[in-house]
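Protein chains in written order, with my numbering: chain A, 14 to 129; chain B, 3 to 116.
All C-beta atoms, glycine included, are put in the ideal place defined by N, C-alpha and C.
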Amino acid sequence: DAGVIQSPRHEVTEMGQEVTLRCKPISGHDYLFWYRQTMMRGLELLIYFNNNVPIDDSGMPEDRFSAKMPNASFSTLKIQPSEPRDSAVYFCASSLFGQWVQNIQYFGAGTRLSVL
Amino acid sequence: ELKVEQNPLFLSMQEGKNYTIYCNYSTTSDRLYWYRQDPGKSLESLFVLLSNGAVKQEGRLMASLDTKARLSTLHITAAVHDLSATYFCAVDSNYGGSQGNLIFGKGTKLSVKP
Numbered sequence: 014d015a016g017v018i019q020s021p022r023h024e025v026t027e028m029g030q031e032v033t034l035r036c037k038p039i040s041g042h043d044y045l046f047w048y049r050q051t052m053m054r055g056l057e058l059l060i061y062f063n064n065n066v067p068i069d070d071s072g073m074p075e076d077r078f079s080a081k082m083p084n085a086s087f088s089t090l091k092i093q094p095s096e097p098r099d100s101a102v103y104f105c106a107s108s109l110f111g112q113w114v115q116n117i118q119y120f121g122a123g124t125r126l127s128v129l
Numbered sequence: 003e004l005k006v007e008q009n010p011l012f013l014s015m016q017e018g019k020n021y022t023i024y025c026n027y028s029t030t031s032d033r034l035y036w037y038r039q040d041p042g043k044s045l046e047s048l049f050v051l052l053s054n055g056a057v058k059q060e061g062r063l064m065a066s067l068d069t070k071a072r073l074s075t076l077h078i079t080a081a082v083h084d085l086s087a088t089y090f091c092a093v094d095s096n097y098g099g100s101q102g103n104l105i106f107g108k109g110t111k112l113s114v115k116p
């Protein structure tokens, strides 16, 4: 398997523009997570899905952020409108959960977002 | 609410020295994970500890878990520059009702100097 695939790897946009980040989880995994990482705040969990259903979105900073998982192989994180304080590295991770599996989260390479 | 605390958050070591990173967590869990993040890179799984007393070793790194003390340690033996990275511990939040999620510590930034 190619692992968790995120696109784009880098995104530079201007304040007020819409930004869409994409993630393809590892095939067969039933959990998908979106994280944000900054120097100031560290690694933050934004939202996670189980079998394409959002389970906990309490980490989503505000209504400008939204996430969807239309099917088991694709998820998006959208920021509209974007602001400079949204500049960060956004990671997607996926895992297979169960009593007899290790529940390791596998991370994608991340999307480095810069909002000017 | 499950909380995970690591210490120290920053660690500067000399090559050849030994040191230990500590990871404490606040509620019952029997699964603990260690991740490594190189600068500008993603997080990579290092160890999975699945029961009390579990010990895993790879190279100069050894991780252990004491579920009764709610403590995991990551011991570094004879550090080398290649070990410079940020190390995260994470705990399975299964017992907290949020099945499937991991709660991450803030990370320990390790710098190994010659």
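Over what stretch of residues does the beta strand (DSSP E) that includes residue i continue unbroken?
i, result
"V25(A)", "H23 to T26"
"P67(A)", "V66 to D69"
"Q16(B)", "F12 to Q16"
"G90(B)", "The residue asked about is misnamed: residue 90(B) is Phe in this sequence, not Gly. Per DSSP, F90(B) belongs to the beta strand (DSSP E) from A87 to D94."
"G55(A)", "G55 to N63"
"D68(B)", "L63 to D68"
"E7(B)", "V6 to N9"
"P83(A)", "F78 to N84"
"Y83(B)", "Checking the displayed sequence, the identity of residue 83(B) turns out to be His instead of Tyr. First-last for H83(B): undefined, no H or E at that position."
"R159(A)", "A question about residue 159(A) goes unanswered here, because the residues of chain A that appear run from 14 up to 129."
"L73(B)", "L73 to I78"
"E46(B)", "L45 to L51"
Rounded to whole angstroms, what's the CA-CA distance from residue i to residue j? Just pull it up for me.
i, j, result
"F110(A)", "V50(B)", "14 Å"
"R77(A)", "S95(A)", "8 Å"
"Y48(A)", "A80(B)", "33 Å"
"E3(B)", "N116(A)", "20 Å"
"M64(B)", "G41(A)", "31 Å"
"F46(A)", "L59(A)", "8 Å"
"R35(A)", "N84(A)", "13 Å"
"T89(A)", "K81(A)", "5 Å"
"V57(B)", "G72(A)", "33 Å"
"V82(B)", "P67(A)", "42 Å"
Give the interface partners of residue i over in chain B, defined as CB-CB distance under 7 Å, in chain order.
i, result
"Y44(A)", "G102"
"G55(A)", "K108 and G109"
Chain B partners of residue i, CB-CB under 8 Å?
i, result
"G41(A)", "In chain order: nothing, as chain B lies at least about 14 Å away."
Residue i versus chain A: which residues are under 8 Å apart at the beta carbon?
i, result
"D94(B)", "N116"
"S47(B)", "I117, Q118 and Y119"
For residue i, count neighbouring C-beta atoms within 10 Å of its own C-beta (all shown protein chains included) and say buried if the count is 16 or more, exposed if not.
i, result
"R22(A)", "exposed"
"M52(A)", "exposed"
"D99(A)", "buried"
"G42(B)", "exposed"
"A71(B)", "exposed"
"G29(A)", "exposed"
"G121(A)", "buried"
"L126(A)", "buried"
"E24(A)", "buried"
"L129(A)", "exposed"
"A101(A)", "buried"
"G18(B)", "exposed"
"Q118(A)", "buried"
"V114(A)", "exposed"
Along chain B, which residues have their Cβ under 9 Å away from the Cβ of residue i?
i, result
"A122(A)", "K43 and S44"
"N84(A)", "Per Cβ cutoff of 9 Å: no residues; N84(A) is ~18 Å from chain B at best."
Taking residue i and residue j to be in contact with their CB atoms under 8 Å, please state how far apart those CB atoms are, rounded to whole angstroms.
i, j, result
"Y35(B)", "L104(B)", "6 Å"
"C105(A)", "Q19(A)", "5 Å"
"S31(B)", "V93(B)", "5 Å"
"T110(B)", "T88(B)", "7 Å"
"V32(A)", "S107(A)", "Not a contact, Cβ separation roughly 21 Å."
"Q39(B)", "Y24(B)", "That belief does not hold up - the Cβ atoms of Q39(B) and Y24(B) are roughly 18 Å apart, past 8 Å."
"R33(B)", "L45(B)", "Between L45(B) and R33(B) the Cβ distance is about 17 Å, and since that is not below 8 Å, they are no contact."
"L13(B)", "K108(B)", "With a Cβ gap of about 13 Å, L13(B) and K108(B) do not count as contacting."
"N26(B)", "L73(B)", "6 Å"
Below 7 Å on C-beta distance, what does residue i contact in chain A?
i, result
"F12(B)", "Within chain A, no residue comes near F12(B); the closest Cβ sits about 13 Å away, beyond 7 Å."
"R38(B)", "Simply none; closest approach about 11 Å."
"V50(B)", "Q115 and I117"
Quick one: which chain A residues come within Cβ less than 9 Å of residue i?
i, result
"Y35(B)", "Q115, N116, I117 and Q118"
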